[in-house]
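Novice: Quick one: the structure is below, questions incoming.
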Amino acid sequence: MNDLYAWAAIALITFAATTGDVLLAYSMKRVGDVGEIWKTNGLFAVVSRILTTPTFFLGVLAMAVAFYSLLFGLSWGNLSLVVPASASLTFVANAIAARIFLHERVGRRRWMAALLVATGVALMAV
Amino acid sequence: MTFRKYLVLAGITVFSTLGDSLLARGMKELGGVSLHDFSGLLFAILNPWVSVGIVLLLAFFASYMSALSWADLTYVLPATSLSYVLVAVVARIRFHEQISPTRWLGIALIAAGVGFVAVGPAVSSVPHNLEHPLNDYPEALSPEAKP
């Protein structure tokens, strides 16, 4: 039964973390190159542009949900299962979500990278 | 990709690794915090390891946001996954932990994955605002960016 709860937590962490990453990436693309804005308009312009992007706060909220699901997942399952399983699934889920929602060109090279890193992260826990 | 941008990617890796390990060290010093009593978490900030850890994680978040403003999510995530390798290296050198052959294989796979994206372009998506047209990202127009 605890295993079922642990995997439910892993699914929730993966979903929330992917949602958060996609929303944050989307927000920062809307804001534009932070280095360029800093150079031309100063740090205050960077901060105010980020803080006036509503999706940024949704992203932070999703990240907070992922963090609290991790805490609860850790109270049900093993550290050595929950952390690597959710981290590794998040890499793959992010590649799919970035392609669909951010229209990133996830070519063979990017797929290989996501799968290699996901497998590597999973192995690190063994 | 400029040298400064590579520095930001390195910052993400180093800040997240150091921040996590300082937090872990501080929380171990404090002992277990009960899930039913969150007030313990408020006092955790007073621990110097925890507070420095939080500052480093804020630096991580700032550099992560900066990287996402000029690079794809599918570029930033694998490129910064070297932090997993860094954790193992720190554990090996600082705490003399043994690294099993399976973990070495994991390290090799992560490094290979990083190599795969590092040689490709950093950005391929069309930015959502028109103030930054694709022309600002010449890498995106290279044949490498095509799927």
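These protein sequence lines map, in sequence, to chains A and B.
Last residue of the first sequence: number 145 in my numbering, and the count goes up by one each step with no gaps.
Last residue of the second sequence: number 211 in my numbering, and the count goes up by one each step with no gaps.
Just so it is clear, CB atoms sit at the ideal spot from N, CA and C, and this is done for glycine as well.
#1: For chain B, find out if any of its Cβ atoms is closer than 8 angstroms to the Cβ of A/Pro58; answer yes or no.
#2: Just to confirm before moving on: does the CB-CB distance between B/Leu150 and A/Phe110 stay below 8 angstroms?
#3: Any C-beta of chain A within less than 9 angstroms: which residues of the segment 147-165 of chain B qualify?
#4: With a floor of 4 residues, list each alpha helix (DSSP H) that falls wholly inside the segment 99-169 of chain B, ordered by position along the chain.
#5: Starting from A/Asn97 and walking both ways along the alpha helix (DSSP H), at which residues does that stretch end?
#6: Rounded to the nearest angstrom, what separates B/Ile109 and B/Ser85 at their Cα positions?
#7: Got a sec: which bits of the segment 121-135 of chain B sit with their beta carbon under 7 angstroms from any beta carbon on chain A, in order along the chain?
#8: Using three-state DSSP, classify A/Ile69 as helix, strand or coil.
#9: Out of curiosity, what's the CA-to-CA distance linking B/Gly170 and B/Phe180?
#10: Of the residues A/Ala114, A/Met143, A/Arg68, A/Ala141, which one's Cα is nearest the Cα of A/Trp130?
#11: Buried or exposed: A/Leu89, going by 16 or more other Cβ atoms within 10 Å of its Cβ?
#12: Leaving out five residues before and five after A/Asn21 in sequence, what residues of the same chain have Cβ atoms less than 6 angstroms from its Cβ?
#13: Apart from the five residues on each side of it in sequence, which residues of its chain come closer than 7 angstroms, Cβ to Cβ, to B/Ile163?
#14: Assign A/Arg49 to one of three DSSP states: helix, strand, or coil.
#15: Using CA coordinates, which residue listed in B/Val187, B/Ala172, B/Leu146, B/Met65 is at the minimum distance from B/Ser80?
#16: Would you call A/Tyr45 buried or exposed, if buried means 16 or more other Cβ atoms sit within 10 Å of its Cβ?
#17: Only counting the same chain, and skipping five residues up and downstream in sequence, which positions put a Cβ closer than 7 angstroms to that of A/Leu31?
#18: Among the residues of its own chain, which have a CB less than 7 angstroms from the CB of A/Ala81, if the five just before and after it don't count?
#19: Can you give the Cα-Cα distance for A/Tyr24 and A/Val101, rounded to whole angstroms?
#20: Under a CB-based cut-off of 8 angstroms, is B/Gly184 close to chain A?
#21: Whose Cβ in chain B lies nearer than 9 angstroms to the Cβ of A/Val41?
Specialist: In terms of the structure at hand:
#1: According to the sequence provided, residue 58 of chain A is Lys. The question's Pro does not apply to it. It does not; no Cβ of chain B falls within 8 angstroms.
#2: no
#3: Tyr148, Val149, Val151, Ala152, Ser164
#4: 103-108, 112-134, 137-143, 146-158
#5: Per DSSP, A/Asn97 belongs to no alpha helix (DSSP H) and is neither H nor E.
#6: 15 angstroms
#7: Met129, Ser130, Leu132, Ser133, Trp134
#8: helix
#9: 15 angstroms
#10: A/Ala114
#11: buried
#12: Trp95
#13: Ala152, Arg156
#14: helix
#15: B/Leu146
#16: buried
#17: Ser88
#18: Ala35, Thr38, Gly39, Leu42
#19: 11 angstroms
#20: yes
#21: Leu137
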